[in-house]
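For reference, the structure is listed below as structure tokens.
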Amino acid sequence: MRIRFGWLLDGAAWAPRGIGSARSWDMVAGPRELVGVLLTRLGLLHPETPYAVRVAHMRRLLSEVQNPWYERSCARDSWNTARAMLRLRDEALEAGWRAPAPSELEGLSQPRLSALAALEQAITVGVEGVPGANLPPGFADDLASVHAELEAIVDSGEVWPLGIEVIDCSEDPEALPGRWPAIFALLERCGVKVNVGHEHAGVPHELSIVRAPQELSAGEVAAQILEEECAGSAPVTVLAGRDTLPLDLSLTRRGLPPVAHAPEAAPRLAAQVVPIFLEASSSPVNVQALVEFLSVEVPCEKAQEAVGERQASAPVLPRNVTRALLHALGEEAGIDTRDPESAFSKALEKIRQDAENGTQNLAMVREMCAFTAEAPGEIVEANDLERRLAFLEARVEQMPRAAGPAKSIIRQHITTLRDLLDLTKAEGVNERELRELVAAAAPPARSVLARPSVTPWNTAVNEAHVDAGTVLWWGAAGAPSRRSVTWDKSEIRVLEEGGARILEAEELEALDMRAKLRALGSATKLIAVAADVVDGEHASLNPALAPLAEAWLTANPDLKAQPQEDSDPTRHRAISIEARAWAATRLKAGLLNMPEEQRFMPPSSLAREVTAGTQLMPQKLSYTQLDILHRDALAWVLRYPLGIKPGSAASVPSGNRAIGTLVHAVIETLVKEKRVPASYEIPESAVEEIFARLVPRYSSDLDLPGNEALRAYVLRRAKASIMMLFRTLRTAGIGVIEIEHALKDVPLNFTVERPDATQQLTVPLSGSIDFAGIDEHGAPVLLDFKWTNSTSRYAGLVTNNEALQLATYAWAYGAQRGERREPRTGYFLLRHGEFVTNDRGLGGRGASNEATGGNLGLFERLRATIEDELSAIAQGCVTSALGDLALENGLSSHDTAHRKAAAELTEERAEAGRVFVDHNASYSDYCLLTGLTGDYS
């Protein structure tokens with residue numbers, strides 16, 4: 007066997023297309039592949055062990071071999087400490103270090119090496135089944151065993167047929183690090199001829215660097231170049247320096263196969279189930295993680311459609327269970343199974359009512375809830391973790407047959423995680439270490455885009471793998487990370503005394519660079535395509551291009567002599583060209599056809615035409631619907647009649663919304679449980695007790711680690727605001743009638759103008775008023791509670807008589823009671839403990855809105871506006887007043903142009919007896935769907 011060896015040739019093609027019979031070697035190998043051959047020939051080959059398994063063994067060793075150098079690190083993060091120690095140990099062993107007894111290092115002030123030496127004394131390398139073995143071998147161990155075996159053969163004088171006649175080395179073995187000079191010397195003594203190549207790096211005959219502004223345009227340029235070069239007779243190599251998806255898109259449009267190189271693939275969906283479930287089933291409950299777990303669906307096989315399982319994806323839990331639970335979490339951001347009136351309890355009751363599997367599904371959900379109810383702690387006990395894994399495993403087995411491949415991935419993930427936990431022999435792990443273990447146990451990720459295909463070119467993923475011909479270098483921008491320095495100079499002296507051969511980081515960089523330049527210089531034509539911006543950041547060129555460009559210019563002095571402003575050789579006009587100039591040159595030469603320009607322009611209006619009729623008329627209404635409909639009928643049609651809504655995770659209350667609901671519930675509980683004394687002086691202890699009881703139900707995020715300060719702040723503000731609320735009510739002589747006063751099916755009449763007739767439409771209006779009370783004169787008092795960062799928004803609504811919510815509640819409350827009477831209304835800001843109202847008795851400024859008809863007059867203007875929008879829909883036109891305004895003047899209501907246009911529209915509608923209340927258009931869920939925003943560059 008004749009082997010071509012190179013320091014960076016691991017993974018290189020043995021015979022790239024175009025070389026054919028011209029090759030003189032039987033195999034191309036780098037260090038790892040050559041070690042693999044020698045293991046086989048020396049009878050040392052063994053099954054490979056996953057790296058995570060080796061880390062788990064090292065973690066157990068660290069717990070057995072105590073050392074002050076890593077003791078504190080192990081206590082905080084034992085998995086990453088084990089990984090770091092294993093890396094150090096392997097690097098030292100690979101360099102050739104023979105660890106001495108720890109006593110020999112005493113007095114040298116080398117705690118790290120002393121710790122490694124102590125560990126090495128306790129390590130017995132061997133695969134599973136070898137008596138006494140406590141660390142499976144890695145590459146460093148294989149290299150050491152090959153070295154030791156070759157030494158033993160040479161010392162014994164025996165003849166051992168390696169079956170290798172010649173090794174052609176691209177680098178001088180004496181320049182290699184670690185054990186390699188000694189190994190090549192031993193191979194020569196075993197009869198292997200070692201030829202050292204002394205060829206100097208050449209330069210390509212042609213060198214070009216095409217610069218594009220971003221990766222998509224770079225992909226289009228590279229695809230054109232590749233298509234033209236493949237039409238010639240010279241062999242072509244694509245050097246894929248990074249993910250080729252932008253290039254593959256352009257190749258596919260031309261009918262060419264993709265390069266399909268995706269080195270960094272995200273975990274498969276099925277491989278995300280275990281970590282999401284463990285996060286969702288932890289205590290205290292993480293509602294966002296629980297929603298993610300309930301929402302995740304793994305893909306199903308299409309072939310199973312033939313046996314009746316016609317579904318594209320399947321959730322881990324039964325679909326009717328996930329729907330009920332997601333609906334509950336969309337109402338209340340927490341789990342409360344004690345209160346039968348809680349949203350979660352109602353969801354459990356709905357699950358129980360399923361005649362077929364209700365009892366079984368209810369028991370399953372209660373078991374999962376039990377995990378989140380356990381006392382939280384810093385350590386996850388091994389037994390508790392096993393119960394959670396067993397629960398998930400049982401659920402996976404009950405998934406449909408069509409999800410077979412996904413089920414296999416999840417089972418493999420669970421099995422590997424159990425194996426790692428068993429190997430560590432730990433009784434418990436902390437949350438951080440558990441996440442590391444779960445990630446280490448995940449099945450290997452492979453991009454669905456990285457599918458092999460027959461291509462008219464070779465593909466290389468390292469500069470050193472290039473072998474003559476024409477080379478298209480994709481991803482030439484973006485410098486690889488530099489080598490880190492592992493050992494300091496004093497450690498290097500100790501390692502070298504123990505037999506190691508250590509090269510400085512700069513020497514290793516130079517070794518790599520020489521190998522890359524030697525390979526790149528063998529190309530006859532090299533075209534590098536580089537994007538200026540990669541992943542949203544400015545990208546510099548690969549460092550190999552600068553010396554290559556300098557060498558090329560030196561070899562072409564006539565071109566180098568051309569006037570040049572920039573001293574950077576990669577920007578020399580003989581080498582570098584912008585993508586736009588490159589395309590213009592080819593257009594002029596007739597090598598490229600001008601493609602038809604396709605520009606996407608923003609719409610002039612968001613109005614849509616629909617079939618005329620009453621099919622989109624509302625079946626029921628709420629204040630939220632009225633608020634959306636009066637200014638953006640298109641968003642209302644999409645959300646309600648058509649049912650296009652954000653996903654479940656987006657609907658879960660969080661932040662101010664969840665906190666506001668929580669504090670509101672505290673007030674409601676105080677009233678319902680009759681814990682408000684006649685003096686209206688609320689005891690702090692009552693607020694604290696109710697707050698603590700309701701947090702898991704309404705805002706469970708406050709119980710998560712890291713939110714202690716926020717929780718304390720919310721409680722402090724809640725106590726102050728609730729006391730201020732009731733004191734003000736007492737001073738104003740207002741009594742509490744009800745918290746959460748229900749508005750149920752209040753009839754709301756509209757006159758809708760259809761194309762053929764006028765129709766009277768009655769729609770039930772439902773909702774709830776946060777506070778309903780009565781003053782000493784018998785006048786109703788209606789308040790709405792808000793937890794908000796700013797007071798100016800609601801102050802502006804009240805001052806400008808635009809408080810549509812208060813107006814709607816005022817009308818509905820009167821209609822429900824059969825009276826038309828202007829109530830006292832206002833907002834109470836829970837975060838600030840402040841009333842926002844025109845009512846002097848509640849601390850308002852006393853400004854009157856009687857000139858505009860008060861709340862009832864404002865509601866009649868709102869009703870008229872809704873009638874106009876419904877009539878337009880019935881006539882076949884769905885408008886968006888806010889969307890059209892935002893198209894012309896910007897999305898944000900803070901923009902000057904937007905504010906001015908909104909004020910003009912508000913005035914125009916007011917003159918017509920209508921209403922318009924501005925809003926920030928960017929908050930809409932339908933900006934992209936309607937074309938309000940998008941890439942119009």
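For the sequence shown, the numbering used here begins at 7 and goes up steadily by one. Just so it is clear, CB atoms sit at the ideal spot from N, CA and C, and this is done for glycine as well.
Legend entry - Range covered by the beta strand (DSSP E) that runs through residue 537: Here residue 537 refers to the residue found at position 531 when the sequence shown is read from its first residue. It spans 531-540 - the beta strand (DSSP E) in which residue 537 sits, taken as one unbroken run.
Inset, instruction - State whether the segment 455-473 contacts the segment 233-252, with contact taken as three or more CB pairs (one from each stretch) at a distance under 8 Å. - result: A contact exists between the segment 455-473 and the segment 233-252.
Inset, instruction - Could you tell me if residue 374 is buried or exposed, where buried requires 16 or more neighbouring beta carbons within 10 angstroms of its beta carbon? - result: Walking along the sequence shown from the start, residue 374 turns up at place 368. Within 10 angstroms of the beta-carbon of residue 374 lie 16 or more other beta-carbons, which makes it buried.
Legend entry - Per-residue DSSP class, three states only, for residue 1017: Only positions 7 to 943 of the chain appear in the structure, and residue 1017 is not among them; the question remains open.
Inset, instruction - Return yes when the Cβ of residue 742 is within less than 8 Å of the Cβ of residue 672, no when it is not. - result: Here residue 672 refers to the residue found at position 666 when the sequence shown is read from its first residue. Here residue 742 refers to the residue found at position 736 when the sequence shown is read from its first residue. Contact flag unset, no.
Legend entry - Span separating the alpha-carbon of residue 714 from that of residue 670: Position 708 of the sequence shown, counted from the start, is the residue given in the question as residue 714. Position 664 of the sequence shown, counted from the start, is the residue given in the question as residue 670. So the two alpha carbons sit approximately 20 Å from each other.
Legend entry - Terminal residues of the alpha helix (DSSP H) in which residue 85 lies: On the sequence shown, position 79 is the one that residue 85 refers to. First-last of the alpha helix (DSSP H) with residue 85: 74-100.
Inset, instruction - Identify the continuous alpha helix (DSSP H) that holds residue 327 and give its terminal residues. - result: Residue 327 sits at position 321 when you count from the first residue of the sequence shown. Element bounds for residue 327: 325-337.
Inset, instruction - Assign residue 443 to one of two classes, buried (16 or more other C-beta atoms within 10 Å of its C-beta) or exposed (fewer than that). - result: In the sequence shown, the residue the question calls residue 443 occupies position 437. By the beta-carbon neighbour count (other beta carbons within 10 angstroms, threshold 16), residue 443 is buried.
Legend entry - Continuous beta strand (DSSP E) assignments of at least 3 residues falling wholly in the segment 160-213: 172-175, 199-202
Legend entry - Cβ neighbours of residue 779 in the same chain (closer than 6 Å, five flanking residues each side left out): As a first step, residue 779 must be located in the sequence shown, where it is residue number 773. Same-chain partners within the cutoff: 740, 741, 742, 743, 787.
Legend entry - Alpha-carbon spacing of residue 546 relative to residue 483, whole angstroms: Counting from one through the sequence shown, the residue named residue 546 turns up at place 540. Counting from one through the sequence shown, the residue named residue 483 turns up at place 477. Distance from the CA of residue 546 to the CA of residue 483, rounded to the nearest whole angstrom, comes to 5 Å.
Legend entry - Test item: CB-CB of residue 320 and residue 408 under 8 Å: Reading the sequence shown from its first residue, position 314 is the one you call residue 320. Reading the sequence shown from its first residue, position 402 is the one you call residue 408. Taking 8 Å as the Cβ cut-off, residue 320 and residue 408 qualify as a contacting pair.
Legend entry - Length at least 4, wholly inside the segment 719-807: the alpha helix (DSSP H) runs in chain order: 798-805
Inset, instruction - Report the option in 849, 114, 624 whose CA atom is closest to the CA atom of residue 767. - result: As a position in the sequence shown, residue 767 is number 761, starting the count at 1. It is 624 whose Cα lies nearest to the Cα of residue 767.
Inset, instruction - Return the residue from the list 938, 871, 549 that minimises the CA-CA distance to residue 923. - result: As a working note, residue 923 is residue 917 in the sequence shown. Of the listed residues, the one whose Cα sits closest to residue 923 is 871.
Legend entry - Buried or exposed by the 16-neighbour rule on C-beta atoms within 10 Å, applied to residue 491: Position 485 of the sequence shown, counted from the first residue, corresponds to residue 491. Exposed, by the Cβ-count rule.
Legend entry - Contact belief for residue 166 with residue 117 at Cβ below 8 Å, rounded distance in angstroms: On the sequence shown, position 160 is the one that residue 166 refers to. On the sequence shown, position 111 is the one that residue 117 refers to. Actually they do not touch by this definition, with Cβ atoms about 42 Å apart.
Legend entry - Beta-carbon gap between residue 500 and residue 92 smaller than 8 Å: Within the sequence shown, the letter at position 494 stands for residue 500. Within the sequence shown, the letter at position 86 stands for residue 92. No; because the gap between Cβ atoms is not below 8 Å, this pair is not in contact.
Legend entry - Proximal residues to residue 761 (C-beta, below 7 Å), its chain only, five neighbours per side dropped: The residue you call residue 761 lines up with position 755 of the sequence shown. Here the set comprises 618, 881.
Legend entry - Other residues of its chain near residue 45: CB distance less than 8 Å, five sequence neighbours each side excluded: As a position in the sequence shown, residue 45 is number 39, starting the count at 1. So the list reads 51, 52, 148, 151, 152, once near-sequence residues are dropped.
Legend entry - DSSP bridge partner residues for residue 831 (one or two, in chain order): As a first step, residue 831 must be located in the sequence shown, where it is residue number 825. In DSSP, residue 831 forms a bridge with 788.
Inset, instruction - Could you check if residue 133 is buried or exposed, using at least 16 other CB atoms within 10 Å of its CB as the buried criterion? - result: The residue labelled residue 133 in the question sits at position 127 within the sequence shown. Counting Cβ neighbours within 10 Å, residue 133 comes out exposed, since fewer than 16 surround it.
Inset, instruction - Flag this pair as yes or no: are the beta carbons of residue 87 and residue 99 separated by less than 8 Å? - result: Here residue 87 refers to the residue found at position 81 when the sequence shown is read from its first residue. Here residue 99 refers to the residue found at position 93 when the sequence shown is read from its first residue. No. Outside cutoff.
Inset, instruction - Could you spell out the range, first to last residue, of the beta strand (DSSP E) harbouring residue 8? - result: The residue given as residue 8 occupies position 2 in the sequence shown. From DSSP, the beta strand (DSSP E) with residue 8 extends over 8-11.
Inset, instruction - Return helix, strand or coil for residue 306, following the three-state DSSP convention. - result: On the sequence shown, residue 306 is found 300 positions in, with the first residue counted as 1. Looking at residue 306 - three-state DSSP - the assignment turns out to be coil, as it is neither helix nor strand.
Inset, instruction - Would you tell me roughly how many angstroms separate the C-alpha atoms of residue 197 and residue 489, rounded to the nearest one? - result: Reading the sequence shown from its first residue, position 191 is the one you call residue 197. Reading the sequence shown from its first residue, position 483 is the one you call residue 489. Computed Cα separation, rounded: 36 Å.
Legend entry - Sequence-distant residues of its chain with Cβ nearer than 8 Å to residue 651 (five each side left out): In the sequence shown, residue 651 corresponds to position 645, counting from 1. Correct list, in chain order: 645, 657, 931.
Inset, instruction - Express the C-alpha separation of residue 406 and residue 314 in angstroms, rounding to a whole number. - result: Here residue 314 refers to the residue found at position 308 when the sequence shown is read from its first residue. Here residue 406 refers to the residue found at position 400 when the sequence shown is read from its first residue. Reliability of the predicted coordinates at residue 314 is poor, the pLDDT of 45 falling under 50, and no value is obtained from them.
Inset, instruction - State yes or no: is the C-beta of residue 508 nearer than 7 Å to some heavy atom of the ligand ATP? - result: The ligand ATP is not part of this structure, which contains no ligands at all.
Legend entry - Alpha-carbon spacing of residue 860 relative to residue 887, whole angstroms: Within the sequence shown, numbered from 1, the residue matching residue 860 stands at position 854. Within the sequence shown, numbered from 1, the residue matching residue 887 stands at position 881. Their backbone Cα atoms lie some 25 Å apart in a straight line.
Legend entry - Nearest-angstrom Cα separation, counted from residue 938 out to residue 310: On the sequence shown, residue 310 is found 304 positions in, with the first residue counted as 1. On the sequence shown, residue 938 is found 932 positions in, with the first residue counted as 1. A caution first: residue 310 carries a pLDDT of 48, below 50, which makes its placement in the model unreliable, though a value can still be read off. When rounded, the distance between both Cα atoms is 41 Å.
Inset, instruction - Identify whether residue 480 lies in helix, strand or coil by the three-state DSSP scheme. - result: Within the sequence shown, the letter at position 474 stands for residue 480. DSSP places residue 480 in strand when its eight states are reduced to three.
Legend entry - Contact belief for residue 252 with residue 222 at Cβ below 8 Å, rounded distance in angstroms: Numbered from its first residue, the sequence shown carries residue 252 at position 246. Numbered from its first residue, the sequence shown carries residue 222 at position 216. With a Cβ gap of about 5 Å, residue 252 and residue 222 count as contacting.
Inset, instruction - Look at the alpha carbon of residue 312 and the alpha carbon of residue 322, and state the distance between them as a whole number of angstroms. - result: By one-based count along the sequence shown, residue 312 stands at place 306. By one-based count along the sequence shown, residue 322 stands at place 316. Below a pLDDT of 50, predicted positions are generally treated as unreliable, and residue 312, at 39, falls in that range; no measurement from the model is reported.
Legend entry - Simplified DSSP assignment, three categories, for residue 404: As a position in the sequence shown, residue 404 is number 398, starting the count at 1. Here residue 404 sits in coil by DSSP.
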